[in-house]
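**Student:** The sequence shown: position 56 = 53 (this note's numbering), numbered continuously.
All C-beta atoms in this analysis are idealised placements derived from N, C-alpha and C, irrespective of residue type, glycine included.
Since this is a predicted model, take the numbers as computed values, not measurements.
Following this message is one structure expressed as structure tokens.
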Amino acid sequence: MAWADSFLRTLKENDVRLVTYVPDNVLTPLIDGAAADNYFMSIGATREDEAIGTLAGAYMGGLRGVA
-2 MAWADSFLRT
8 LKENDVRLVT
18 YVPDNVLTPL
28 IDGAAADNYF
38 MSIGATREDE
48 AIGTLAGAYM
58 GGLRGVA
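Take a look at the structure:
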């Protein structure tokens, strides 16, 4: 099992549905895995603060996420 699969499984076990990210070559397996899985809402950001702001708004709406 690849590290990205293990990470995504752990997110599911903890009811984390939103994945925000700034594109990065190292994170490509994780980003692709989240985008391919209908369980997750995957949102790309252009800056780190934008990703955190998206998570803050989602959390206020009752959604759990990770950046």
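Select from V63, M38, D34 and G59 the residue whose C-alpha is nearest the C-alpha of D46.
**Tutor:** The residue given as residue 46 occupies position 49 in the sequence shown. When only C-alpha atoms are compared, the closest one is V63.
**Student:** Hey, out of G59, R6 and R61, whose CA is closest to A31's CA?
**Tutor:** If you number the sequence shown from 1, residue 31 lands on position 34. Among G59, R6 and R61, the Cα nearest to that of A31 belongs to R6.
**Student:** Under the three-state reduction of DSSP, which class applies to L65: helix, strand or coil?
**Tutor:** Limits of the chain in this structure are -2 at one end and 64 at the other, which puts residue 65 out of reach.
**Student:** Please state whether DSSP places G58 in a helix, a strand or coil.
**Tutor:** Position 61 of the sequence shown, counted from the first residue, corresponds to residue 58. Reduced to three states, the DSSP call for G58 is coil.
**Student:** Can you tell me which residues form a DSSP beta bridge with I40?
**Tutor:** Position 43 of the sequence shown holds residue 40. The partner list for I40 (beta bridge, DSSP) reads T17.
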